[in-house]
Amino acid sequence: MPKVELNLEDDELKKLLLGDRDKAMQSIMAKILDEILKSEATEQIKAKAYERSDERTNLRNGYRVRQLTTRVGSLELHVPKLRHGNFSTQLFKRYQRSEQAFDLALMEMVIQGVSTRKVAEITKKLCGTTFSKSTVSALCSNLDDQVLDFNRRPLTQKYAFVYADAILFKVHRGHVVTSNSLLVAIGIDPSGRREVLGFDIGDSESKASWMDFFSELKQRGLTNVDMFVSDAHCGLKDAITTQFQGSLWQRCQFHFSNDCTSILTLKDRKEVANRLKDLFNAPTYDQAVERRDQLVKDWQTEFPKVVKKLENSFDELMVIYQLPEELRKRLRTNNTIERVNQEIRRRDRVIRIFPNDLSVLRLMGALLIEQNEKWAAGPRYLNMTVYHGIEKDDNSEEAGMLKLVK
């Protein structure tokens, strides 16, 4: 990633703090993106402007103006031109995909007459008042194709570990507002990086929805999953057991802890959460059993409902001990999806109710694709060298079942 230096003028700071904040933010954002473009050009040319260098591979040749629509308004950017060949940048592609999906969701709401006053004001500021239904339809089509292509690509690698979860949203269906979910699966590839495997709209509590979702993933190539990590959605565990026979299922410890504390008074929640955290951090399975037994003894009278939950779910929560210690921390919860969920919620707070199912897939899909690109270029999430050294059970037909770590 190129390093960027940004210098703000006094009048820009004054506007930001005291005056027209919208124009100030537009000016600052344009400066930031212009500097990124300049830095990208420097990296490609291997020399700064007017710099003498033996490593220089090309010369600058002015710039062309390009408009970029964002939530702070329309920005005028200066894209570098090169003497030989074309300047290459991923800025517009990466920045605009989710931004366009967000803006289009707002525009569709206005067209369909289901927008709030806040949405209408934002959309007018972003797009003006002269956008038509056909214009929005054409823009949507381009993004829909990108999302569809990504969601239909073959899954050619082995994904030993898969996180599954559902992201809730509200959508207009005719004159009725209904709740639904986006089902999401994220896998760990052989290098240890996270990869978005797929997503689809369905009922998070329905076995049939999860069965259809996993069936589609299997048709695209997902097989031999060693372990799934998820919350205890009704139907999800049954679907995993049916579609991926032999795979382990680890119940998300984070969600379980929240389920327990949600039934307590505020004054008791911290104590219970800390004791459960201590249980989950036990170095060995035997020590976890000892800590559980102590919790049951301590809480039998004061927190009987928590004790019942813990006793009923203990085995599901402790599957992680069948893995080496180095792998446990990041495979005991599905927080990796929770962080993606937070990014989606930032947009959802503005939209609140999506105009239709396609707009959900478009926006959430665009965000998931961009997150996937960041993961692909980022550091490894798991040290798979440890995993590759684990002896497999040769008798497992359906999945590469892991042997219990002694």
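The opening residue of the sequence shown carries number 4 in the working numbering; numbering runs sequentially from there.
The beta-carbon is built from N, C-alpha and C at its ideal position, and this holds for glycine as well.
Asked, Found
"Alpha carbon to alpha carbon, how far is Leu36 from Cys130? Give it in angstroms, no decimals.", "Note that Cys130 scores a pLDDT of 45, beneath 50, so its modelled location is shaky; the value from the coordinates is reported in the next line. So the two alpha carbons sit approximately 20 angstroms from each other."
"Going by Cα to Cα distance, which pick from Asn61, Arg176 and Phe202 is closest to Asn154?", "Phe202"
"Mind checking which residues open and close the beta strand (DSSP E) that includes Phe172?", "Phe164 to Arg176"
"Below 8 angstroms on the Cβ atoms is my contact criterion, and I expect Tyr384 with Arg196 to pass it. Report the Cβ-Cβ distance as a whole number of Å.", "6 angstroms"
"Excluding five sequence neighbours on each side, which residues of the same chain lie with their C-beta closer than 7 angstroms to the C-beta of Phe65?", "With the sequence shown as reference, residue 65 is identified as Gly, and Phe is not the correct amino acid for it. The residues are Lys84."
"Does the beta-carbon distance from Ser207 to Ser184 come in below 7 angstroms?", "yes"
"Classify Ile170 as buried or exposed, calling it buried when 16 or more other Cβ atoms lie within 10 Å of its own Cβ.", "buried"
"Does the beta-carbon of Ser212 have 16 or more other beta-carbons within 10 angstroms, so that it is buried, or is it exposed?", "buried"
"Could you tell me which residues DSSP puts in a beta bridge with Gln186?", "The sequence given here places Leu at residue 186; Gln does not occur at that position. Bridge partners of Leu186: Ala169 and Asp203."
"Locate the alpha helix (DSSP H) running through Ser212, then write down its first and last residues.", "Lys210 to Gln222"
"To which residues does DSSP link Gln253 through a beta bridge?", "Val232"
"If you run the structure through DSSP and keep just helix, strand and coil, what is Ser91?", "coil"
"Buried or exposed for Gln246, please, with buried defined as at least 16 other CB atoms from any protein chain shown within 10 angstroms of its CB.", "buried"
"Would you tell me roughly how many angstroms separate the C-alpha atoms of Trp302 and Glu314, rounded to the nearest one?", "12 angstroms"
"Considering only the alpha carbon of each residue, which of Ile323, Arg365 and Ser42 lies closest to Gln256?", "Ile323"
"Have a look at Arg365 and Ser56 and give me their C-alpha separation to the nearest angstrom.", "45 angstroms"
"Are the stretch 165-180 and the stretch 225-235 touching, with three or more C-beta to C-beta distances below 8 angstroms?", "yes"
"Here's a check: name, in chain order, each residue in its chain whose Cβ is nearer than 6 angstroms to the Cβ of Gly368, leaving out the five neighbours to either side.", "Val150"
"Keeping to the same chain, check which residues put their C-beta closer than 7 angstroms to that of Leu239; ignore five residues upstream and five downstream.", "Ala167, Trp213 and Ser233"
"Looking only at C-alpha atoms, which of Met387, Glu79 and Asn261 sits nearest to Val68?", "Glu79"
"Where does the unbroken alpha helix (DSSP H) through Gly368 begin, and where does it stop?", "Asp360 to Ala380"
"So what does DSSP say about Ile356, is it helix, strand or coil?", "coil"
"When DSSP builds the beta bridges, which residues end up paired with Ser42?", "BP columns for Ser42 are empty, so no partner."
"To the nearest angstrom, how far is it from the Cα of Ser316 to the Cα of Thr304?", "19 angstroms"
"Which value, in whole angstroms, describes the spacing of the CA atoms of Ile114 and Pro358?", "Any reading at Ile114 needs caution, since the residue's pLDDT is 40, under 50, leaving its predicted position unreliable; the model's value is listed next. About 10 angstroms."
"Ignore the nearest five residues each way along the sequence and tell me which others in Gln160's own chain have a CB closer than 7 angstroms to its CB.", "Asp192 and Pro193"
"The alpha helix (DSSP H) with Met321 in it runs from where to where?", "Taken as a continuous stretch (DSSP letters only), Met321 belongs to no alpha helix (DSSP H), as it is neither H nor E."
"Between Arg355 and Lys173, what straight-line distance do the alpha-carbon atoms span, to the nearest angstrom?", "7 angstroms"
"With DSSP as the reference, please indicate the residues paired to Pro83 in a beta bridge.", "Tyr66"
"Are the beta-carbon atoms of Glu329 and Asn386 separated by less than 7 angstroms?", "yes"
"So, Leu371 versus Val228, is the Cβ gap smaller than 7 angstroms?", "no"
"Quick check on DSSP: helix, strand or coil for Arg342?", "helix"
"Just tell me which of Leu220, Asn338, Ala163 and Glu43 has its CA closest to the CA of Pro157.", "Leu220"
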